[in-house]
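Participant:
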Amino acid sequence: MTSRRLVSFFTLAVFLLLPFVAVEACGPDFQPDTFVRTASPDDPKTFAQGHLGILQQGFDSNDLAVAYRYLNGGKLSEQEQAIYAPPAKPSNLTPAQFEASYQAEQAVMPVNQWKDARAKYAKPDGEITPEHQAPQNLGNGDVYYFPDFLNCPGAAFKTATLTLNSRVSSWGAQSPYLKDWLTAQDSVFANCSGKTTAMPAPAPPNSPPLLIADRAYQTAAAVFYAGKYDEARREFLLIAQDKDSPWHSWGDYLAARSLVRLAFDEAKKTDPWSGNLASFNPERMRSAQQMLEALLKHHSPGISHQTILDELNFVRMRTEPDKRIAEVATALAGPAPDPNFQQDLADLNYALYKKIQVTDPAPLYAWITAFRAAPAGNAVFDAWQQTHALPWLVASLALARTKDSGVPDLLTATSQIEESSPEFDTVAFHRVRLLIGLDRSDEARTILDQLLPDLRKQQPSSALNAFLGERMQVARDFNEFLTYAPRTTLETNSEGAAALNDCAYTQKNAKSPSTNCPEQASPLQFDDDSTVILNRQTPLHLLVEAATSSNLPANLRQDVALAAWVRGVLFNDQTKAAALAPHLPDSIQKTAGSSTGFPAVLAILRNPGLRPYLEPGVSRLASYSYLENFRDNWWCGSSQRQYYAEAEKQTMPAPASFLSADDQKSAEAEYQRLTQLPCAPAELGQRVLDYARDHSSDPDLAEALALTVRATRFGWQGWNQDKEATARNTAISKAAFQLLHSRYPNSPWAAKTPYYY
Amino acid sequence: MKRLSQSVKAQGIVVVLLVLCCVIHSDAVPRLPQRMRTLPRLTFWAWERPEDLRSLDTRRFGIAYLDQTLTIGPKVDAHPRRDPLIYRATASRIPVVRIEVAPGAIFNEETHRLAVQVILTSATAPDIAALQLDFDATRSQRSFYRDLLTDLRRQMPPNLPLSITALASWCSYDDWLRGLPIDEAVPMFFRMEPDRRRAAESLTDFRIREPLCQSSVGLSTTEAWPTEMAGKRIYLFPDNGWRADSIARFERKLP
Numbered sequence: 004m005t006s007r008r009l010v011s012f013f014t015l016a017v018f019l020l021l022p023f024v025a026v027e028a029c030g031p032d033f034q035p036d037t038f039v040r041t042a043s044p045d046d047p048k049t050f051a052q053g054h055l056g057i058l059q060q061g062f063d064s065n066d067l068a069v070a071y072r073y074l075n076g077g078k079l080s081e082q083e084q085a086i087y088a089p090p091a092k093p094s095n096l097t098p099a100q101f102e103a104s105y106q107a108e109q110a111v112m113p114v115n116q117w118k119d120a121r122a123k124y125a126k127p128d129g130e131i132t133p134e135h136q137a138p139q140n141l142g143n144g145d146v147y148y149f150p151d152f153l154n155c156p157g158a159a160f161k162t163a164t165l166t167l168n169s170r171v172s173s174w175g176a177q178s179p180y181l182k183d184w185l186t187a188q189d190s191v192f193a194n195c196s197g198k199t200t201a202m203p204a205p206a207p208p209n210s211p212p213l214l215i216a217d218r219a220y221q222t223a224a225a226v227f228y229a230g231k232y233d234e235a236r237r238e239f240l241l242i243a244q245d246k247d248s249p250w251h252s253w254g255d256y257l258a259a260r261s262l263v264r265l266a267f268d269e270a271k272k273t274d275p276w277s278g279n280l281a282s283f284n285p286e287r288m289r290s291a292q293q294m295l296e297a298l299l300k301h302h303s304p305g306i307s308h309q310t311i312l313d314e315l316n317f318v319r320m321r322t323e324p325d326k327r328i329a330e331v332a333t334a335l336a337g338p339a340p341d342p343n344f345q346q347d348l349a350d351l352n353y354a355l356y357k358k359i360q361v362t363d364p365a366p367l368y369a370w371i372t373a374f375r376a377a378p379a380g381n382a383v384f385d386a387w388q389q390t391h392a393l394p395w396l397v398a399s400l401a402l403a404r405t406k407d408s409g410v411p412d413l414l415t416a417t418s419q420i421e422e423s424s425p426e427f428d429t430v431a432f433h434r435v436r437l438l439i440g441l442d443r444s445d446e447a448r449t450i451l452d453q454l455l456p457d458l459r460k461q462q463p464s465s466a467l468n469a470f471l472g473e474r475m476q477v478a479r480d481f482n483e484f485l486t487y488a489p490r491t492t493l494e495t496n497s498e499g500a501a502a503l504n505d506c507a508y509t510q511k512n513a514k515s516p517s518t519n520c521p522e523q524a525s526p527l528q529f530d531d532d533s534t535v536i537l538n539r540q541t542p543l544h545l546l547v548e549a550a551t552s553s554n555l556p557a558n559l560r561q562d563v564a565l566a567a568w569v570r571g572v573l574f575n576d577q578t579k580a581a582a583l584a585p586h587l588p589d590s591i592q593k594t595a596g597s598s599t600g601f602p603a604v605l606a607i608l609r610n611p612g613l614r615p616y617l618e619p620g621v622s623r624l625a626s627y628s629y630l631e632n633f634r635d636n637w638w639c640g641s642s643q644r645q646y647y648a649e650a651e652k653q654t655m656p657a658p659a660s661f662l663s664a665d666d667q668k669s670a671e672a673e674y675q676r677l678t679q680l681p682c683a684p685a686e687l688g689q690r691v692l693d694y695a696r697d698h699s700s701d702p703d704l705a706e707a708l709a710l711t712v713r714a715t716r717f718g719w720q721g722w723n724q725d726k727e728a729t730a731r732n733t734a735i736s737k738a739a740f741q742l743l744h745s746r747y748p749n750s751p752w753a754a755k756t757p758y759y760y
Numbered sequence: 002m003k004r005l006s007q008s009v010k011a012q013g014i015v016v017v018l019l020v021l022c023c024v025i026h027s028d029a030v031p032r033l034p035q036r037m038r039t040l041p042r043l044t045f046w047a048w049e050r051p052e053d054l055r056s057l058d059t060r061r062f063g064i065a066y067l068d069q070t071l072t073i074g075p076k077v078d079a080h081p082r083r084d085p086l087i088y089r090a091t092a093s094r095i096p097v098v099r100i101e102v103a104p105g106a107i108f109n110e111e112t113h114r115l116a117v118q119v120i121l122t123s124a125t126a127p128d129i130a131a132l133q134l135d136f137d138a139t140r141s142q143r144s145f146y147r148d149l150l151t152d153l154r155r156q157m158p159p160n161l162p163l164s165i166t167a168l169a170s171w172c173s174y175d176d177w178l179r180g181l182p183i184d185e186a187v188p189m190f191f192r193m194e195p196d197r198r199r200a201a202e203s204l205t206d207f208r209i210r211e212p213l214c215q216s217s218v219g220l221s222t223t224e225a226w227p228t229e230m231a232g233k234r235i236y237l238f239p240d241n242g243w244r245a246d247s248i249a250r251f252e253r254k255l256p
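Those protein sequences? They're chains L and R, same order as listed. The first sequence begins at 4 in the working numbering and counts up one residue at a time. The second sequence begins at 2 in the working numbering and counts up one residue at a time.
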């Protein structure tokens, strides 16, 4: 018997020591919900048409180049618009449609067209990998690994396909010459990946001149793709001299390209940060430039002027970046369309990415650099003063601080901007920003009240949200604040949004759902600036007012009611709690009644999303009944949700002028009071334990004790968990657990609560 | 005699259970899986950034570099590494394949086959020391990854170790890694949000229970390190890239 007990005891001990708990183990990357896009325009298509919205410093060089064109009095041609904003692929394809679309995309790829053409005349010969993927041994014990270097571009496969079709016509599909040609071409493309080096065998004796000429070209190409560029250059020069070769007009051009590749190949590969093919042997590159310049003047009709010019421009961006960047920037700036728009955008991006320093840069280049970097001092303002150009006026205004001496001039200069102009939103936003900073709220309000009605009739946008934020700042009273506080989310990636999705999913799929949440988040939510004011500057009595205000949409009224009610319960404010009770969801109302005592605490324990504050974006309050997977349950302290990267960031509230000093003082006192409270599991658990002392017959007590233990397990313990708080959590957990098991050993709640935490 | 025999039997069981407890919760130096023993104990991760790792002492340190990113959607897309990497030819190298899941991903035999095919291109590169996969797996995707790893193990070179990165939670309070045909799962003690909330006071309380996770640990250059690293293979991730996160500094800091 003794031994049996021992065995049972140790077996139990082992199981207790191994509390494997199955949990959702994916690693979501939550981000704040988006109200104003700062990295890219809302809609590239309308942006390309000149609807620039509010220009942001985080926009990329393509966006800012387009903006500059419009600010410069030009516009994008339809062709340029299609390049900047290509049609988006439909996102809601059925699997069959997706498959068809994928196959269509694959079919037009030159490498696949080559494979298809080849397959008509020969058996498959393995995969072709156009990208060079093999590490290069530098010979000094170092290895340079740059695996995405496109060795064989699409043009190579297009040329091969055209040539194959031509040779079939010349020799016939069953010709041994064609077979020989295909074998040699396979060797050429086998070199693309860099993993193998293959050379075409010489053409058979007595081959026709065309095959012999092709073989010379194939051999040069194979040498080229094998990375033997000097040898390839010599081979191509020989082809250029062979006037009978169908390839002779390409010989010099390809010899120049061999030199370009040689220039990169000979570069000291000691600077892996130099980016895409940026390190090169300058002498070789200049030689290539000279060859291409000569070729541009005298080339045969077999090769196009543009082909040579494109290669030359590529080279000049490296050999004489000042001149080339000036050409690119001038062409992009317009106002006339840029015939080389796509490549110029790419070159501009390259120059900016490489931070190429240019003496006396072209206006567009200088403008983008300044707008993104916001240089200290008056450089941007001075540029506007000197040029009186609109792009510089816009940049000066956007970068101006309230105390800058040039602000009055900027405000005067921008007072008459037409509403239909591309710069209007940017100018209006920053004018209002500066006016608010200068304490000229009435003027700011007038501007906003003129533009907001029309803007509100349009699709939700970053600009609308930004203007609403400004209008909220100049609210004259609390009701006006509530009118402008809600904004439309443009993207949702927050933990609150994810919790709501999970909640809705659970509700839909569970056999007996215990959650109560909407199927999807309402688009209208509070942004950061609104929640800061509501959480830190708004006293409880105004939150009660907000919970019933018709200025807020229903979802936000409920969020405010829940947050304010939890505050009321924590502060034991019977009056406020009772006033809010009718505005709570039925399930909470039914449990809590109008009390702030045990029934209210039980209601909070039953609903893990409850908390005494509001959150920007989709709040956890929206999924209040759902136990969230990542411990965002109940609350700890007084702060709204933070993301880890922002955990150290202190958000200081902006003073809300529409709130009286007394209200702000009360709100601050309430905020401090919340800060002093323990984390929710400990606070709520203590209240349950206190109640339990004198109310052992309460039928809900067993459940409350069990839920307390659950809260200590799954509740948020705060970002900075100190020993004292952890010990308090465990003490409450243990006390609730022991009382539950000692007083209600046969309760189903005791059975559901095997451990404390 | 019968009572004595029962007593001895019970004591025997108790001893076995105690030993089991000790094994499961032991902080003793972990045994390295057979195939992993030839690898350096310390490995520097090189992610999608230009990196110059020539100064690494290749006798002490290996390199695990992002080799390609594979995206599972309705099809499988593969993107090779985009940034250059320089290292000593003598370095012990582990190509890493990152697996992403795009919206509308389909986990079926076709995507399984294509994914294995893509991963094998990294696994069959010459002179590599191991292969590592980096992926997130939701509960519904686990059977896909289990099958993928099984098939991959079957097709990749037999002596090549197979490593995966693992959320710390997989190694702590989850058991889906159990029995996977891998040589190690590297628990990542960084970017732990929102898992960090489960760790009580310090990382040491994030106890690793899964045997496959016992032999290694993944750290970052900017986040706190656990104290129990004795005998483990250590992977170090540079939050700011190795140009900013001084290689020399971490060479000195690592045990």
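Here a beta-carbon is modelled for each residue, glycine too, at the ideal position from N, C-alpha and C.
Provide the residue(s) that pair with Asp78 (chain R) in DSSP beta bridges, ordered along the chain.
Facilitator: In the DSSP output, where bridge partners are listed per residue, Asp78 (chain R) has R:Thr72.
Participant: Counting only beta-carbon separations shorter than 8 angstroms, does Ala90 (chain R) have a partner in chain L?
Facilitator: Interface residue, yes.
Participant: Grab me the residues of Ser626 (chain L)'s own chain with a C-beta within less than 7 angstroms of its C-beta, minus the 5 sequence neighbours each way, in chain order.
Facilitator: Cβ neighbours of Ser626 (chain L) beyond the five flanking positions: Ala502, Leu503, Cys506, Cys520 and Gly612.
Participant: Could you give the residue range of the beta strand (DSSP E) that holds Met189 (chain R)?
Facilitator: Residues Glu185 to Met189.
Participant: Just list the beta strand (DSSP E) runs in the stretch 45-131 of chain R, keeping only unbroken ones of 3 residues or longer that don't cross its boundaries, in chain order.
Facilitator: Whole beta strand (DSSP E) segments, 3+ residues: 62-73, 77-81, 86-89 and 93-102.
Participant: Does the count of Cβ pairs from the stretch 182-190 of chain L and the stretch 259-270 of chain L closer than 8 angstroms reach three?
Facilitator: The stretch 182-190 of chain L, when compared against the stretch 259-270 of chain L, does not touch it at the 8 angstroms Cβ threshold.
Participant: How would you call Thr518 (chain L), buried or exposed, if buried means at least 16 neighbouring beta carbons within 10 angstroms?
Facilitator: Flag for Thr518 (chain L) reads buried.
Participant: Just the chain L side, please: which residues come within less than 8 angstroms of Arg55 (chain R) by C-beta, in chain order?
Facilitator: Those are Asp145, listed as they occur along chain L.
Participant: Give the DSSP bridge partners of Asn140 (chain L), in chain order.
Facilitator: BP columns for Asn140 (chain L) point to L:Val146.
Participant: So with Cβ pairs under 8 angstroms, would you call Gln59 (chain L) a contact of chain R?
Facilitator: For Gln59 (chain L), the answer is no, since every Cβ of chain R falls outside 8 angstroms of its Cβ.
Participant: Starting from Pro489 (chain L), trace the beta strand (DSSP E) in both directions and tell me its first and last residue.
Facilitator: Note, Pro489 (chain L): beta strand (DSSP E), Pro489 to Thr491.
Participant: Between which residues of its own chain and Ala158 (chain L) is the CB-CB distance below 8 angstroms, once the five residues before and five after are set aside?
Facilitator: Cβ neighbours of Ala158 (chain L) beyond the five flanking positions: Pro113.
Participant: With DSSP as the reference, label Gly337 (chain L) as helix, strand or coil.
Facilitator: DSSP places Gly337 (chain L) in coil when its eight states are reduced to three.
Participant: Counting only Cβ pairs nearer than 8 angstroms, list the residues of chain L close to Ile107 (chain R).
Facilitator: Result: Pro98.
Participant: Considering only their Cβ atoms, is the gap separating Val102 (chain R) from Asp135 (chain R) smaller than 8 angstroms?
Facilitator: No, the Cβ-Cβ distance between Asp135 (chain R) and Val102 (chain R) is not below 8 angstroms.
Participant: At 9 angstroms on the CB atoms, spell out the chain L contacts of Lys76 (chain R), in chain order.
Facilitator: Chain L residues near Lys76 (chain R): Phe101, Glu102 and Tyr105.
Participant: Go through its chain and collect everything with a Cβ distance to Asn468 (chain L)'s Cβ below 6 angstroms, but skip five positions before and after it.
Facilitator: So the list reads Phe38, Val39 and Arg490, once near-sequence residues are dropped.
Participant: For Val191 (chain L), is the classification buried or exposed, using 16 other Cβ atoms within 10 angstroms of its Cβ as the cut-off for buried?
Facilitator: Classification for Val191 (chain L): buried.
Participant: Quick one: give me the first and last residue of the beta strand (DSSP E) that Val39 (chain L) is part of.
Facilitator: Unbroken run through Val39 (chain L): none, as it is neither H nor E.
Participant: Flag Pro212 (chain R) as yes if its beta-carbon sits less than 8 angstroms from any beta-carbon of chain L, otherwise no.
Facilitator: No, Pro212 (chain R) does not count as interfacial toward chain L.
Participant: Nearest chain R C-beta to Glu483 (chain L) closer than 8 angstroms, yes or no?
Facilitator: No, no contact with chain R.
Participant: Can you tell me whether DSSP reads Gln653 (chain L) as helix, strand or coil?
Facilitator: Here the model assigns Gln653 (chain L) a pLDDT of 45, short of 50, so the residue's position is not dependable and the matter cannot be decided.
Participant: Return yes when the Cβ of Val146 (chain L) is within less than 8 angstroms of the Cβ of Tyr88 (chain R), no when it is not.
Facilitator: Closer than 8 angstroms, so yes.
Participant: Can you look up Ala85 (chain L) in the DSSP assignment and give me helix, strand or coil?
Facilitator: Note: Ala85 (chain L) maps to helix in three-state DSSP.
Participant: Would you identify the three-state DSSP class for Val218 (chain R), choosing helix, strand or coil?
Facilitator: In this structure, Val218 (chain R) counts as strand in the three-state DSSP scheme.
Participant: So, does the CB of Asn512 (chain L) fall closer than 8 angstroms to a CB anywhere in chain R?
Facilitator: Judged by the 8 angstroms Cβ criterion, Asn512 (chain L) is not in contact with chain R.
Participant: Compare the C-beta of Ile81 (chain R) with all C-beta atoms of chain L and state if any pair is closer than 8 angstroms.
Facilitator: The question names Ile, yet the displayed sequence has Pro at residue 81 (chain R). Cβ-Cβ to chain L under 8 angstroms: yes for Pro81 (chain R).
Participant: Look up Phe238 (chain R) in the DSSP assignment and give the residues it is bridged to.
Facilitator: Beta-bridge pairing links Phe238 (chain R) to R:Ser221.
Participant: Per DSSP, what kind of secondary structure is His54 (chain L) in: helix, strand or coil?
Facilitator: Here His54 (chain L) sits in coil by DSSP.
Participant: Note down, in chain order, every chain R residue with its Cβ under 9 angstroms from the Cβ of Glu134 (chain L).
Facilitator: Ordered by position in chain R, the residues that pass the 9 angstroms Cβ test against Glu134 (chain L) are Pro81.
Participant: Quick one: give me the first and last residue of the alpha helix (DSSP H) that Ile450 (chain L) is part of.
Facilitator: Taken as a continuous stretch (DSSP letters only), the alpha helix (DSSP H) holding Ile450 (chain L) covers Ser444 to Lys460.
Participant: Spell out whether any CB of chain R is found under 8 angstroms from the CB atom of Tyr759 (chain L).
Facilitator: Taking Cβ atoms only, chain R never reaches closer than 8 angstroms to Tyr759 (chain L), which makes this a no.
Participant: Give the secondary structure of Asp135 (chain R) by DSSP, where H, G and I count as helix, E and B as strand, and everything else as coil.
Facilitator: Strand at Asp135 (chain R).
Participant: Along chain R, in chain order, which residues have C-beta atoms closer than 8 angstroms to that of Asn140 (chain L)?
Facilitator: Going along chain R in sequence order, the residues near Asn140 (chain L) (Cβ under 8 angstroms) are Ala90.
Participant: List, from N- to C-terminal side, the alpha helix (DSSP H) runs of 4 residues or more that fit wholly inside the stretch 322-399 of chain L.
Facilitator: Here the runs fully enclosed are 324-336, 344-356, 366-376 and 382-390.
Participant: So, for Thr97 (chain L): in the same chain, excluding its five sequence neighbours on each side, which residues have a beta-carbon less than 7 angstroms away from its beta-carbon?
Facilitator: For Thr97 (chain L), where only same-chain residues beyond five positions count, there are no Cβ hits under 7 angstroms.
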